[in-house]
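Take a look at the structure below.
Residue numbers (our numbering): 7 to 89.
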């Protein structure tokens, strides 16, 4: 799998899980945290930007991050992607 394919896969999975309200969100976030350093730069950039946008929208009571328990897990991801 080339870098473009990897970026497409990670971006697509991120967009799928962002806002879901299920225990499997935590599993995806754990994988994303663990693998983030090895992601293609394009995927890192998109995930960083879109996750920050989701937190901004959450400030206006939009549930783009899912419930509070899901938001807490996304906060862990945010710490990694904004380093």
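Backbone N, C-alpha and C define an ideal beta-carbon position, used for all residues, glycine too. Computed from a prediction, not measured in an experiment: that's the story for all the values here.
So, do the segment 51–62 and the segment 11–23 have three or more beta carbon pairs nearer to each other than 8 angstroms? yes
Limits of the unbroken alpha helix (DSSP H) element including residue 47: 47–64
Chain-order list of residues whose beta-carbon lies under 6 angstroms from that of residue 17 (same chain, five-residue window excluded): 49 and 52
Can you list, in chain order, the residues of its chain with a C-beta nearer than 8 angstroms to that of residue 87? Leave out the 5 residues immediately preceding and following it. 42, 50, 53, 54 and 57
Between which two residues does the alpha helix (DSSP H) harbouring residue 77 extend? 74–87
Cβ pair residue 31, residue 76 closer than 7 angstroms: yes
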